[in-house]
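A.B. asks:
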Amino acid sequence: MTSAPEHLDPALRVEALASLLTERGLIDEATIETFIKTYEQSVGPMNGAKVVAKAWTDPEYRVRLLAEGTAAIAELGFKGPQGEHMVVLENTPTVHHVVVCTLCSCYPWPVLGLPPSWYKDPAYRSRVVREPRQVLREFGLDLDDSVEIRVHDSSSEVRYLVLPERPAGTEHYSEAELADLVTRDAMVGVARVVVP
Amino acid sequence: MDGIHDLGGMQGFGHVQPLTAAPPFAEPWEGKAFVIGALAARIAGTNLHAFRHAIERVPPREYLVGYWNRWTIGAQIMMEDSGIVTDEEVRARAARLSGRDVPEPPPPTPHKPQMPSGGAGNLRPLDTPPAFAVGDRVRVVDLHPTGHTKLPRYVRRRTGTVTALQPSQVFPDTAAHFAGENPRHCYTVDFDSRELWGPDAEPFRLSIDLFEPYLEPAP
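Protein chains in written order, with the working numbering: chain A, 1 to 196; chain B, 1001 to 1219.
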């Protein structure tokens, strides 16, 4: 690879690899389709949103979630690759958590699915461990100077999920209605949950 | 290795990308790339750490083209290492798929690495007691291995405080090279931003998970 530096169009490289691996019986079309469908439809931030909404409405679940994240998340059926050991970080009016993986793009797949483009981009990975307040501002989140920022670099197999603050004015929302409000960005810690 | 992947604290990449609710794959080939990478360790007889190390070895120019590009090239590098495919084959097949009639080289002979696995996943219980406890002041050692490591440059030689003991895990630095799982204790270590970036740094706290061999007692 390194001896042939000429850039190959990535879509074409993928086709070539898929073709060779299929020929060798190492991969097949059905498996590819199943994987893609799983991560397009079943595994995504809607899972994490259910965890957050439950924590907002069930105080005992919230306690379990913050103490034993992996087990509490598994209660809702969410587990699997890239979620072996989950730690949940609670945002409060005075402490704001934000998560990154500077060395690759590690991300809690069972609750958030595959990472979005901005999370994998060098700008986010390089800057959020150095100037998080400025980065959050660029994303549209202007935190008061009194809020303490804690940045978490996921450099081992531990995966982090942010439990955002429940927005004001949602006291009468059902758990399902709350889950609809929760975004991927809020569960990484680069946005707040807002009422539309 | 001190490669392009070790991005923490680098400058010059400009604004962060806008937040979007875009689906995981913008184009169909990205979904296929994901699956090839997700299955590559199984196909190559390797592991997750070897895959990460293969992505680290993607040449910087290719690394920065984009995520699915480096993911795919990383998968290919790992499969080349195990004799599953060669770069010549991939390029010849790509040329033929583009309608050029080029000869295809013969496939390589597979030679997958042999490393005993301690089971599924990467968490491994350890009998030895952890060297550090919550509250301990620790200094990060000044390692510069040529191979895989989960010790980023920006925390080397810095002093922080242990704030949590995480589950002991397969040691990536050896597992990536098939030199054994060698499970190690793992700690969350907190650093004041000024310890990392100097007196003018934005005030914040940086938490990072570090394996025991990366740490020594603070002097």
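Built from N, CA and C at the ideal position, the CB exists for glycine as well.
(1) Give me the residue from A:Tyr119, A:Tyr173, A:His85, A:His172 with the minimum Cα distance to A:Ala71.
(2) In this structure, does DSSP put B:Arg1011 in helix, strand or coil?
(3) Would you call B:Leu1143 buried or exposed, if buried means 16 or more other Cβ atoms sit within 10 Å of its Cβ?
(4) Roughly how many angstroms separate the alpha carbons of A:Glu171 and A:Pro59, rounded to a whole number?
(5) Quick check: what's the CA-CA separation for A:Leu17 versus B:Pro1024?
(6) With the cut-off set at 8 Å, would you say A:Arg13 and B:Ala1094 are in Cβ contact?
(7) Quick one: is B:Lys1032 near chain A, going by C-beta distance under 8 Å?
(8) Look at the alpha carbon of B:Asp1081 and the alpha carbon of B:Val1035, and state the distance between them as a whole number of angstroms.
(9) Using a Cβ-Cβ distance cut-off of 8 Å, determine whether B:Met1010 contacts chain A.
(10) Reducing DSSP to helix, strand and coil, say where B:Met1115 ends up.
(11) Straight-line CA distance for A:Lys79 to A:Gly113?
(12) With H, G and I counted as helix, E and B as strand and the rest as coil, what does DSSP make of B:Glu1212?
(13) Output yes or no for whether 8 Å exceeds the beta carbon distance between A:Ser156 and B:Lys1150.
(14) Can you name the residues of chain A whose CB is closer than 9 Å to the CB of B:Gly1083?
(15) Can you have a look at A:Glu177 and say buried or exposed, based on whether 16 or more other CB atoms are within 10 angstroms of its CB?
(16) Using the DSSP secondary-structure output, state which residues sit across from B:Thr1161 in a beta bridge.
(17) In chain D, which residues lie with their C-beta within 9 Å of the C-beta of A:Arg159?
(18) Cβ closer than 9 Å: which chain B residues qualify as neighbours of A:Phe139?
(19) Among A:Leu163, A:Ala179, A:Ala168, which has the Cα closest to the Cα of A:Met187?
(20) List the residues of chain A whose Cβ lies closer than 7 Å to the Cβ of B:Lys1150, in chain order.
(21) Determine whether the Cβ of A:Asp28 lies closer than 8 Å to any Cβ atom of chain B.
(22) Does DSSP put A:Ala4 in a helix, in a strand, or in coil?
(23) Beta-carbon separation of B:Pro1105 and B:Thr1086 under 8 Å?
(24) Is the segment 1156 to 1170 of chain B touching the segment 1006 to 1015 of chain B in the sense that three or more CB pairs, one from each, lie closer than 8 Å?
(25) Could you tell me which of B:Ala1175, B:Asp1173, B:Leu1206, B:Phe1132 sits nearest to B:Leu1215, measuring between CA atoms?
(26) In chain A, which residues lie less than 8 Å from B:Gly1099 when you measure between Cβ atoms?
(27) According to DSSP, is A:Pro93 part of a helix, a strand, or is it coil?
(28) Let me know the secondary structure DSSP gives A:Arg166 once reduced to three states.
(29) Please list the partners that A:Arg150 has in chain B, where partner means a Cβ-to-Cβ separation under 9 Å.
(30) State the start and end residues of the unbroken beta strand (DSSP E) segment that holds A:His152.
(31) Can you tell me the Cβ-Cβ gap for B:Met1079 and B:Ala1040, rounded? I've got them flagged as a contact below 8 Å.
(32) Is it the case that the Cβ atoms of B:Val1090 and B:Gln1076 are separated by a distance below 8 Å?
(33) Using only CA atoms, which one of A:Gln82, A:Leu8, A:Ser117 lies nearest to A:Tyr107?
(34) By the three-class DSSP mapping on this structure, what secondary structure does B:Ser1082 have?
C.D. replies: Once the coordinates are examined:
(1) Looking up residue 71 of chain A in the first sequence gives position 71. For A:Ala71, the nearest C-alpha among the options comes from A:His85.
(2) Numbered from 1 along the second sequence, position 11 holds the residue referred to as residue 1011 of chain B. One detail in the question is off: residue 1011 of chain B reads as Gln in this sequence, not Arg. Residue state, collapsed to three classes: coil.
(3) Translated into positions along the second sequence, residue 1143 of chain B becomes position 143. It is exposed - the Cβ of B:Leu1143 has fewer than 16 other Cβ atoms within 10 Å.
(4) As a first step, residue 171 of chain A is located in the first sequence; it is residue number 171 there, counting from the start. As a first step, residue 59 of chain A is located in the first sequence; it is residue number 59 there, counting from the start. Taking the CA atoms as reference points, A:Glu171 sits about 14 Å from A:Pro59.
(5) Working through the first sequence from its first residue, we reach residue 17 of chain A at position 17. Working through the second sequence from its first residue, we reach residue 1024 of chain B at position 24. Their backbone Cα atoms lie some 21 Å apart in a straight line.
(6) As a first step, residue 13 of chain A must be located in the first sequence, where it is residue number 13. As a first step, residue 1094 of chain B must be located in the second sequence, where it is residue number 94. Yes, the pair counts as a contact, with Cβ atoms nearer than the cut-off.
(7) To locate residue 1032 of chain B, count along the second sequence from 1; it is residue 32. So, interface residue.
(8) Start at 1 with the first residue of the second sequence, and residue 1081 of chain B comes out as number 81. Start at 1 with the first residue of the second sequence, and residue 1035 of chain B comes out as number 35. Within the model, the alpha-carbon separation for B:Asp1081 versus B:Val1035 is close to 19 Å.
(9) Locating residue 1010 of chain B in the second sequence gives position 10, counting from the first residue. It does; some Cβ of chain A falls within 8 Å.
(10) Taking the second sequence and counting its residues from 1, one reaches residue 1115 of chain B at position 115. Coil at B:Met1115, not helix or strand.
(11) Here residue 79 of chain A is taken as the residue at index 79 of the first sequence, counted from 1. Here residue 113 of chain A is taken as the residue at index 113 of the first sequence, counted from 1. For A:Lys79 and A:Gly113, the distance between alpha carbons rounds to 11 Å.
(12) Locating residue 1212 of chain B in the second sequence gives position 212, counting from the first residue. Reduced to three states, the DSSP call for B:Glu1212 is helix.
(13) Indexing the first sequence from 1 puts residue 156 of chain A at position 156. Indexing the second sequence from 1 puts residue 1150 of chain B at position 150. It is a contact, given that the beta carbons lie within the stated cut-off.
(14) The residue given as residue 1083 of chain B occupies position 83 in the second sequence. Here the premise fails: no neighbours, minimum Cβ distance about 11 Å.
(15) Here residue 177 of chain A refers to the residue found at position 177 of the first sequence. With fewer than 16 Cβ atoms within 10 Å of its Cβ, A:Glu177 is classed as exposed.
(16) Along the second sequence, one-based indexing puts residue 1161 of chain B at 161. Beta-bridge pairing by DSSP links B:Thr1161 to B:Arg1137, B:Asp1190.
(17) Reference to chain D is not applicable here, since the protein chains of this structure are A and B.
(18) In the first sequence, the residue the question calls residue 139 of chain A occupies position 139. Those are Val1016, Pro1018, Leu1019, listed as they occur along chain B.
(19) Position 187 of the first sequence, counting from 1, holds the residue named residue 187 of chain A. Scanning A:Leu163, A:Ala179, A:Ala168 for the CA closest to the CA of A:Met187 turns up A:Leu163.
(20) Position 150 of the second sequence holds residue 1150 of chain B. For B:Lys1150, the chain A residues whose Cβ falls inside 7 Å of its Cβ are Leu103, Ser155, Ser156, in order along the chain.
(21) Mapped onto the first sequence, residue 28 of chain A falls at position 28. Chain B contact via Cβ: absent.
(22) Looking up residue 4 of chain A in the first sequence gives position 4. Residue confidence for A:Ala4 is low, a pLDDT of 47 falling below 50, so the modelled location carries little weight; the figure read from the coordinates is stated next. A:Ala4: coil per DSSP, three-state reduction.
(23) Stepping through the second sequence from its first residue, residue 1105 of chain B is reached at position 105. Stepping through the second sequence from its first residue, residue 1086 of chain B is reached at position 86. Result yes, Cβ atoms of B:Pro1105 and B:Thr1086 sit closer than 8 Å.
(24) By the Cβ test, the segment 1006 to 1015 of chain B is not in contact with the segment 1156 to 1170 of chain B, since fewer than three Cβ pairs between them sit closer than 8 Å.
(25) Here residue 1215 of chain B corresponds to residue number 215 of the second sequence, with the count starting at 1. Minimum Cα-Cα distance from B:Leu1215 among the listed residues B:Ala1175, B:Asp1173, B:Leu1206, B:Phe1132 corresponds to B:Phe1132.
(26) The sequence position of residue 1099 of chain B within the second sequence is 99, counting from 1. Per Cβ cutoff of 8 Å: no residues; B:Gly1099 is ~11 Å from chain A at best.
(27) For the purposes of this step, residue 93 of chain A is identified with residue 93 of the first sequence, where counting begins at 1. If DSSP states are grouped into helix, strand and coil, A:Pro93 belongs with coil.
(28) Sequence index remark: in the first sequence, residue 166 of chain A carries index 166 (1-based). A:Arg166: coil per DSSP, three-state reduction.
(29) Position 150 of the first sequence, counted from the first residue, corresponds to residue 150 of chain A. Those are Asp1190, Phe1204, Arg1205, Leu1206, Ser1207, listed as they occur along chain B.
(30) As a working mapping, residue 152 of chain A is identified with position 152 in the first sequence. That run of the beta strand (DSSP E) goes 148 to 153.
(31) What you label residue 1079 of chain B is simply residue 79 of the second sequence in a count that begins at 1. What you label residue 1040 of chain B is simply residue 40 of the second sequence in a count that begins at 1. Right, their Cβ atoms sit about 6 Å apart.
(32) Within the second sequence, residue 1090 of chain B is the residue found at index 90, counting from 1. Within the second sequence, residue 1076 of chain B is the residue found at index 76, counting from 1. Cβ atoms of B:Val1090 and B:Gln1076: closer than 8 Å.
(33) The residue given as residue 107 of chain A occupies position 107 in the first sequence. Across the set A:Gln82, A:Leu8, A:Ser117, the C-alpha of A:Gln82 shows the shortest separation from the C-alpha of A:Tyr107.
(34) Taking the second sequence and counting its residues from 1, the one referred to as residue 1082 of chain B is at position 82. The three-state reading of DSSP puts B:Ser1082 in coil, since its state is none of H, G, I, E or B.
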